[in-house]
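K.L.:
I have a structure I would like to understand better, so I am pasting it below and will then ask my questions one at a time.
Protein chains: 2
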Amino acid sequence: MSAPDRLNLDPIAEARRRWADHGWEAAADGMAAVTSLMRAQQIALSRVESVLRRHGVTFARYEVLMLLYFSRAGSLPMVKIGERLQVHPTSVTNAVDRLERAGLVKRSAHPTDRRATLVELLEPGRELALAATGDLNAEVFTDPGVSPAGVTALVDVLTEMRRGAGDF
Amino acid sequence: MSAPDRLNLDPIAEARRRWADHGWEAAADGMAAVTSLMRAQQIALSRVESVLRRHGVTFARYEVLMLLYFSRAGSLPMVKIGERLQVHPTSVTNAVDRLERAGLVKRSAHPTDRRATLVELLEPGRELALAATGDLNAEVFTDPGVSPAGVTALVDVLTEMRRGAGDF
DNA sequence: GTCACATAGTTGGACGTCCTACTACCTGCA
DNA sequence: TGCAGGTAGTAGGACGTCCAACTATGTGAC
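Respectively, the protein sequence lines represent chains A and B. Okay, so the first sequence: first residue is 1220 according to the numbering used here, each after it adds one. Okay, so the second sequence: first residue is 1220 according to the numbering used here, each after it adds one.
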């Protein structure tokens, strides 16, 4: 081939250029940021899920297990789980259903509020959480795919974004 | 209350601290980065979807429309769409099914490869893409929720991450 | 030329997320 | 004390994503 055998360009950089070319300069950077975020999350989630799959859980369920693991009593009301993880109540119901069916957690009555349901971490759940964390730490978190400086910058920017969205 | 009326702390910063306390220092930053990414994506997607809902499309389908809008011929093979958007072929089938049912795109035969299917942008799809982009630019992309410097830093870090993952 | 292998697209299923709607229960105000 | 309004949790449904499996078609090596 006479043309420089140019491999694929970055699709997001291309989109950003097209945005600018169409007179949308003011929005081009934001578009690139949002689109990058979508794709990077997909990449990170995929890496995480491939590790967790060996343990028979998904990231959503793993997060529930870790939340319970770190909780003082080893149990939390459903609504607290939803608040901490920033997900819809029905997503908590879904995750707890599956964790309970797998024998990793147990639902029990709240001692004072009969509307509420406590989710309690069972021993198999605790063991799975620790084992999965070991693998995640070794295979993903110690090298998340960006330089240490990039990691810091990333967390800082996203913290700003989350705070602006009212996350905390 | 005598205690400093401390509002909710950042759940991710808390998790990071717990990670360090448990002897997982080497992984704590990576964990925080990945978790931040998950949550920030959810926030961004939510903002985008709330705008697109008015136009009757989702972000996945909007991306297909824009890809066709920017394509030279106004049409692309399914597989090309999947490659550019980095999604599974079945996700493309799903999105094109719905776009076609809505009269926004049309499937047609590929002129030389009988295995392939071309997706062609129809006039209503082109108009919807432009109108939705106008709203997205005005309501999300011009102010994505982080400072301009943050936007640049974010895109840079995520580009590094995507390149490392073999995205382009 | 043929056949093994690769590629394009679809179908069916699992899973997570959200939304709407609904039941059960709690709480504060009149 | 009693009722209105808020809160906890669940059911059903829409949607996107992936995976596994399958059909149809293209291609290269023998």
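Just so you know, even glycine gets a beta-carbon here, dropped at the ideal spot from N, CA and C. Note that this is a predicted model, so its numbers are computed, not measured.
For a contact defined as C-beta to C-beta under 7 Å, what are the partners of V1370(B) on chain A?
P.N.:
Position 151 of the second sequence, counted from the first residue, corresponds to residue 1370(B). Result: D1248, G1249 and A1252.
K.L.:
Any C-beta of chain B sitting closer than 9 Å to the C-beta of V1161(A)?
P.N.:
Since the first and last residues shown for chain A are 1220 and 1387, residue 1161(A) lies out of range.
K.L.:
State buried or exposed for P1223(A), treating a residue as buried only when at least 16 other CB atoms are found within 10 Å of its CB.
P.N.:
Here residue 1223(A) corresponds to residue number 4 of the first sequence, with the count starting at 1. Reliability of the predicted coordinates at P1223(A) is poor, the pLDDT of 36 falling under 50, and the value obtained from them is presented with this limitation in mind. Exposed, since its Cβ has fewer than 16 Cβ neighbours within 10 Å.
K.L.:
Answer with yes or no whether the minimum CB distance from S1294(B) to chain A is below 9 Å.
P.N.:
Position 75 of the second sequence holds residue 1294(B). It does not; no Cβ of chain A falls within 9 Å.
K.L.:
Any contact of the region 1273-1282 of chain A with the region 1336-1343 of chain A, i.e. 3+ C-beta pairs under 8 Å?
P.N.:
no
K.L.:
For the region 1336-1356 of chain A, enumerate the residues whose C-beta is nearer than 8 Å to any C-beta of chain B, in chain order.
P.N.:
T1352, L1355 and N1356
K.L.:
Spell out a yes or no on whether the region 1246-1266 of chain A and the region 1251-1271 of chain B are touching, meaning 3 or more CB-CB pairs, one atom from each, closer than 8 Å.
P.N.:
yes
K.L.:
Looking only at DSSP bridge pairs, what is K1325(B) linked to?
P.N.:
On the second sequence, position 106 is the one that residue 1325(B) refers to. Paired residue(s): E1339(B).
K.L.:
Would you call the region 1350-1357 of chain B in contact with the region 1311-1323 of chain B, where contact means no fewer than 3 C-beta pairs closer than 8 Å?
P.N.:
These segments do not touch.
K.L.:
Where does S1294(B) sit, in a helix, a strand or coil, going by DSSP?
P.N.:
Within the second sequence, numbered from 1, the residue matching residue 1294(B) stands at position 75. Correct three-state label for S1294(B): strand.
K.L.:
For F1278(A), which three-state DSSP category applies?
P.N.:
Against the first sequence, residue 1278(A) aligns to sequence position 59. Looking at F1278(A) - three-state DSSP - the assignment turns out to be helix.
K.L.:
Pick helix, strand or coil for S1310(B), following the three-state DSSP scheme.
P.N.:
The residue given as residue 1310(B) occupies position 91 in the second sequence. Looking at S1310(B) - three-state DSSP - the assignment turns out to be helix.
K.L.:
Work out the CA separation of I1300(B) and T1371(B) for me, nearest whole Å.
P.N.:
Taking the second sequence and counting its residues from 1, one reaches residue 1371(B) at position 152. Taking the second sequence and counting its residues from 1, one reaches residue 1300(B) at position 81. If I take the Cα positions, the gap works out to 27 Å.
K.L.:
Within the continuous alpha helix (DSSP H) that includes V1376(A), where are the two ends?
P.N.:
Translated into the one-based positions of the first sequence, residue 1376(A) becomes position 157. From DSSP, the alpha helix (DSSP H) with V1376(A) extends over P1367 to G1383.
K.L.:
Note the first and the last residue of the continuous alpha helix (DSSP H) segment covering D1240(A).
P.N.:
Here residue 1240(A) refers to the residue found at position 21 of the first sequence. Note, D1240(A): alpha helix (DSSP H), P1230 to D1240.
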